[in-house]
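Chemist:
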Amino acid sequence: MQILSLNILLCTLCGIWRPIKWSSVYVHFLYSLFTCFVLFMEYFYWCTQMLDLIFTVNNVDEFVANSIYFITLIAVACKCIVLITRRDAIINLIQILLKAPCKPQNEEEIAIQTKFDVLIRTWSLRYIYLVIGSATSIIIGSIFNMRQGQLPTRVWIPWDLNTPLIFWIMSIQQILSVIFGSIINLGTETLIFGFLLQTCAQLEIFENRIYKLINNKAVRFLGGSQSKMNKSDLEISNIIQHHITVYNYAKLVNVTFNPVLFVQFFVSTLVICTCVYYISTRVRMTETGSLVMFTVCMFVEIFIFCWAGNEVMLKSMIVRESIYHTNWPLISVNEKKELMMIMMRSTIPIKFTSSFLITLSLQSYSNVSDVTVFAIKTNTVILQCFRF
């Protein structure tokens with residue numbers, strides 16, 4: 001069984017995830033060169049934009065226009081660092097899902113796992129189509145700029161751009177940086193989204209196991225066979241271990257990707273405010289077409305994380321209700337106590353946080369939207385004051 005194969009493939013295509021099965025030293029070396037090439041392009045693009053903001057920008061409008069992609073590249077850089085430096089932790093997450101007690105054990109559990117795998121893949125593909133549309137609009141705008149003798153985006157470099165060779169090298173480098181940056185965003189965001197929803201899959205498998213276990217235990221308890229009772233004790237121990245493993249898995253996911261979530265919320269909020277203000281001050285659609293798609297992508301980035309985190313939180317809270325609606329009155333007192341411990345633990349929902357500031361939930365998404373509207377109004381007033 002493969003977990004998150006599409007999402008991992010995207011990370012492989014952009015050079016930040018070497019497949020686990022690649023064991024050849026020669027292949028390792030070639031892929032490491034590819035990774036260094038991608039990182040060099042992204043960081044060089046980020047540095048030249050930063051230098052442009054420092055040395056070239058002369059007014060607020062230019063600063064707003066040039067800072068949009070610069071801020072986005074900060075998130076891209078963070079995602080590259082996290083996936084490369086925390087590779088072992090991510091592999092551990094995959095191994096947890098592929099081994100007992102998380103591995104599906106019968107047809108019903110396989111059906112549950114398949115349902116969530118299809119859900120993750122479906123929404124990942126939809127998000128891929130959206131980002132492809134946004135990246136395509138940016139590239140088309142870049143080509144129009146190149147035909148007019150301008151770079152796709154403003155940067156500061158210590159070379160003469162009037163030299164055709166330097167101009168074309170820089171133009172191609174910027175377009176490749178946009179393409180690889182888009183794939184990096186796609187790979188990391190859909191991968192985190194997949195890991196979040198895998199928590200829901202494990203909780204649903206846990207509910208299925210405990211429902212079947214309690215029903216079987218009720219029949220065994222009425223039968224009264226000692227050997228069957230011993231087998232029953234072993235089964236409920238496995239159930240408890242699975243519940244603990246799910247919580248530990250969720251904690252590990254949060255710890256591993258916490259920097260990405262924090263930077264993504266911070267960057268997306270800034271970019272959304274900047275894009276909406278810039279769009280509102282422009283009349284021609286040709287100036288803002290690509291930014292409209294880019295802004296939509298930023299909103300969707302935050303939404304998929306908040307929606308997935310909200311689903312996990314709700315799913316973890318209904319575990320105790322699922323246990324209550326089983327045939328628990330027919331089991332022994334000791335087993336009721338064990339179930340009570342599981343129910344008490346389920347009163348504390350699984351929460352994914354962006355640092356210590358934001359909990360991934362639909363309420364947080366609503367709050368971010370409110371902050372964005374407030375920031376846009378504030379920026380408009382401040383910028384108008386600067387102009388006067």
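At position 336 of the sequence shown (counting the first as 1) the number is 336 in full-length UniProt numbering, and the numbers step up by one without a gap.
For glycine and all other residues, C-beta sits at the position ideal for the given N, C-alpha and C.
Quick caveat: nothing in here was measured; it's all calculated off a predicted structure.
Can residue 202 and residue 249 be called in contact, C-beta distance under 8 angstroms?
Modeler: For residue 202 and residue 249, yes; Cβs fall inside 8 angstroms.
Chemist: I need the straight-line Cα distance from residue 88 to residue 199, nearest angstrom please.
Modeler: One C-alpha to the other measures close to 19 angstroms.
Chemist: Counting C-beta neighbours from all protein chains within 10 Å, is the total for residue 159 16 or more, i.e. buried, or is it exposed?
Modeler: Under this definition residue 159 is an exposed residue.
Chemist: Alpha carbons only, please: which of 22, 91, 322 is nearest the one belonging to residue 191?
Modeler: Considering only alpha carbons, the answer is 91.
Chemist: Along the alpha helix (DSSP H) that carries residue 111, what are the first and last residues, could you check?
Modeler: From DSSP, the alpha helix (DSSP H) with residue 111 extends over 107–147.
Chemist: What is the DSSP secondary structure of residue 369, reduced to helix, strand or coil?
Modeler: If DSSP states are grouped into helix, strand and coil, residue 369 belongs with the helices.
Chemist: According to the neighbour-count rule (16 or more other Cβ atoms, all chains shown, within 10 Å of its Cβ), is residue 312 buried or exposed?
Modeler: With 16 or more Cβ atoms within 10 Å of its Cβ, residue 312 is classed as buried.
Chemist: Looking at the structure shown, is residue 358 part of a helix, part of a strand, or coil, going by DSSP?
Modeler: It is a strand residue.
Chemist: For residue 52, count neighbouring Cβ atoms within 10 angstroms of its own Cβ and tell me buried if that reaches 16, exposed if not.
Modeler: Label assigned to residue 52: buried.
Chemist: Roughly how many angstroms separate the alpha carbons of residue 235 and residue 213, rounded to a whole number?
Modeler: Taking the straight line joining both Cα atoms gives about 8 angstroms.
Chemist: Does residue 188 come out as helix, strand or coil in the three-state DSSP assignment?
Modeler: Reduced to three states, the DSSP call for residue 188 is helix.
Chemist: Apart from the five residues just before and just after residue 268, which ones in its own chain have a Cβ nearer than 7 angstroms to its Cβ?
Modeler: Only 298, 301, 302 meet the Cβ criterion.
Chemist: Go ahead and pull the three-state DSSP assignment for residue 207.
Modeler: In this structure, residue 207 counts as helix in the three-state DSSP scheme.
Chemist: Quick one: residues in its chain with C-beta nearer than 8 angstroms to the C-beta of residue 290, no 5 flanking neighbours on either side, listed in chain order?
Modeler: Only 134, 137, 138, 140, 141 meet the Cβ criterion.
Chemist: Please identify the residue among 154, 333, 257, 181 whose C-alpha is closest to the C-alpha of residue 194.
Modeler: Of 154, 333, 257, 181, the residue nearest in Cα terms is 257.
Chemist: I need the DSSP call for residue 85, collapsed to helix, strand or coil.
Modeler: Residue state, collapsed to three classes: helix.
Chemist: Apply the 10 Å Cβ neighbour rule to residue 22 and answer buried if 16 or more other Cβ atoms are within range, or exposed otherwise.
Modeler: The residue is exposed, with fewer than 16 neighbouring Cβ atoms inside 10 Å.
Chemist: Closest to residue 166 by CA distance: which of 319, 150, 209 is it?
Modeler: Taking only the C-alpha atoms, the option nearest residue 166 is 150.
Chemist: Give the straight-line distance between the Cα atoms of residue 13 and residue 247, rounded to the nearest whole angstrom.
Modeler: If you take the alpha carbons of residue 13 and residue 247, they lie about 31 angstroms apart.
Chemist: Beta carbon of residue 242, beta carbon of residue 342: below 8 angstroms?
Modeler: The answer is no: Cβ separation not under 8 angstroms.
Chemist: Give me the residue from 38, 344, 369 with the minimum Cα distance to residue 240.
Modeler: It is 344 whose Cα lies nearest to the Cα of residue 240.
Chemist: In the DSSP assignment, the alpha helix (DSSP H) including residue 334 goes from what residue to what residue?
Modeler: Segment 333–346, the alpha helix (DSSP H) holding residue 334.
Chemist: DSSP state of residue 48, grouped into three classes?
Modeler: Residue state, collapsed to three classes: helix.
Chemist: Which residue comes first and which comes last in the alpha helix (DSSP H) that contains residue 24?
Modeler: Here residue 24 belongs to no alpha helix (DSSP H), and DSSP marks it neither H nor E.
Chemist: I believe residue 316 touches residue 346 by the beta-carbon criterion, under 8 angstroms. Please report the beta-carbon distance rounded to the nearest angstrom.
Modeler: Rounded, the Cβ-Cβ distance is 6 angstroms, consistent with contact.
Chemist: Just to confirm, are residue 3 and residue 97 a CB contact at a threshold of 8 angstroms?
Modeler: Yes, the pair counts as a contact, with Cβ atoms nearer than the cut-off.
Chemist: State yes or no: is the C-beta of residue 107 within less than 8 angstroms of the C-beta of residue 77?
Modeler: Not closer than 8 angstroms, so no.
Chemist: Using CA coordinates, which residue listed in 45, 211, 68 is at the minimum distance from residue 324?
Modeler: The option with the nearest alpha carbon to residue 324 is 211.
Chemist: Helix, strand or coil for residue 256, going by three-state DSSP, please let me know.
Modeler: Helix, per DSSP.
Chemist: Within a Cβ cutoff of 8 angstroms, which residues of the same chain sit near residue 227, ignoring the five residues on either side of it in sequence?
Modeler: Annotation note: pLDDT 49 at residue 227 (below 50); position unreliable, no value reported.
Chemist: On the criterion of 16 or more Cβ atoms from any shown chain inside 10 Å, does residue 58 qualify as buried, or is it exposed?
Modeler: Exposed: under 16 other Cβ atoms inside 10 Å.
Chemist: Around the Cβ of residue 272, are there at least 16 other Cβ atoms within 10 angstroms (buried) or fewer (exposed)?
Modeler: It counts as buried.
Chemist: Who are the near neighbours of residue 335 in its chain, counting only those whose CB is closer than 7 angstroms to its CB and skipping five residues on each side?
Modeler: Cβ neighbours of residue 335 beyond the five flanking positions: 217, 236.
Chemist: How many Å lie between residue 179 and residue 100 at the Cα?
Modeler: Taking the straight line from one Cα to the other gives about 39 angstroms.
Chemist: With burial defined as no fewer than 16 other Cβ atoms inside 10 Å of the residue's Cβ, what is the status of residue 117: buried or exposed?
Modeler: By the neighbour-count rule (16 or more Cβ atoms within 10 Å), residue 117 is buried.
Chemist: Is it true that the CB of residue 176 sits closer than 8 angstroms to the CB of residue 170?
Modeler: Going by C-beta atoms, residue 170 is not nearer than 8 angstroms to residue 176.
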